[in-house]
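Protein chains in written order, with the UniProt record's numbering: chain A, 1 to 101; chain B, 1 to 101.
Cβ coordinates follow ideal geometry from the N, Cα and C atoms, glycine included.
Quick caveat, the model's predicted, so the values are computed rather than measured.
See structure below.
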């Protein structure tokens, strides 16, 4: 299916607590209901199979680039990033790319 | 849909050529035909919207963790990693996670 995908991986700070990590997931679950442009949204904790992995990933699919920008700049999303994600993030790397049909 | 997802993002070396980057994509296109366990496979170059992004992402979906391991260890896949991905990779970060239904 064609579209536009946002991929982001996080390494949490060593001092991030279990409660803080759980709060990230709870808050992100608000977003599909708040942002109709989110066509698919799936995040999760690393399964622990491979050494050296990051801790958490988010993959969000949209109809197109403009729909992604709505998500990126959505105030509820920005609040979650500022309030619960940034405080425990050690490293973050992202890619957005076109989904070929 | 439940399942298991592999997410990986790459930053290419500054001296990676356009030809090398194109070869990565051409070779990765072989994999869905070679690995039946690959339920969905979508990779792409960063769209250039956000400063500081990585260069390339791969998202691969599987029925479960065992199917992911088949992909990870598949000889064709390993050859692509060794021959065309590793030589141009400056940074690579991955997460595997369970897809909730």
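Local Cβ density within 10 Å of residue i, reported as buried at 16 or more and exposed below that
i             : result
residue 14(A) : exposed
residue 60(A) : buried
CB contact flag (residue i, residue j, <8 Å)
i             : j             : result
residue 10(A) : residue 67(A) : no
residue 54(B) : residue 94(A) : yes
residue 23(B) : residue 70(B) : no
residue 80(B) : residue 28(B) : yes
Residues bridged to residue i [DSSP beta-bridge criterion]
i             : result
residue 42(B) : 59(B)
residue 97(A) : 5(A)
residue 91(B) : 11(B)
Selection from the options that minimises the alpha carbon distance to residue i
i             : options                     : result
residue 58(A) : 50(A), 65(A), 51(A), 46(A)  : 46(A)
residue 56(B) : 63(B), 48(B), 80(B)         : 48(B)
residue 89(B) : 21(B), 62(B), 27(B), 100(B) : 21(B)
residue 17(A) : 87(A), 96(A), 101(A)        : 87(A)
residue 35(A) : 73(A), 19(A), 7(A)          : 73(A)
residue 91(B) : 26(B), 101(B), 52(B), 25(B) : 52(B)
residue 65(B) : 101(B), 97(B), 25(B), 31(B) : 97(B)
residue 2(B)  : 62(B), 76(B), 8(B), 77(B)   : 62(B)
Near the ligand NAD: residue i beta-carbon under 7 Å from a heavy atom
i             : result
residue 23(A) : In terms of ligand content, the structure shown is empty, and the ligand NAD therefore cannot be addressed.
Residue i - containing alpha helix (DSSP H), residue span
i             : result
residue 18(B) : 18-28
residue 80(A) : 75-80
residue 34(B) : 31-34
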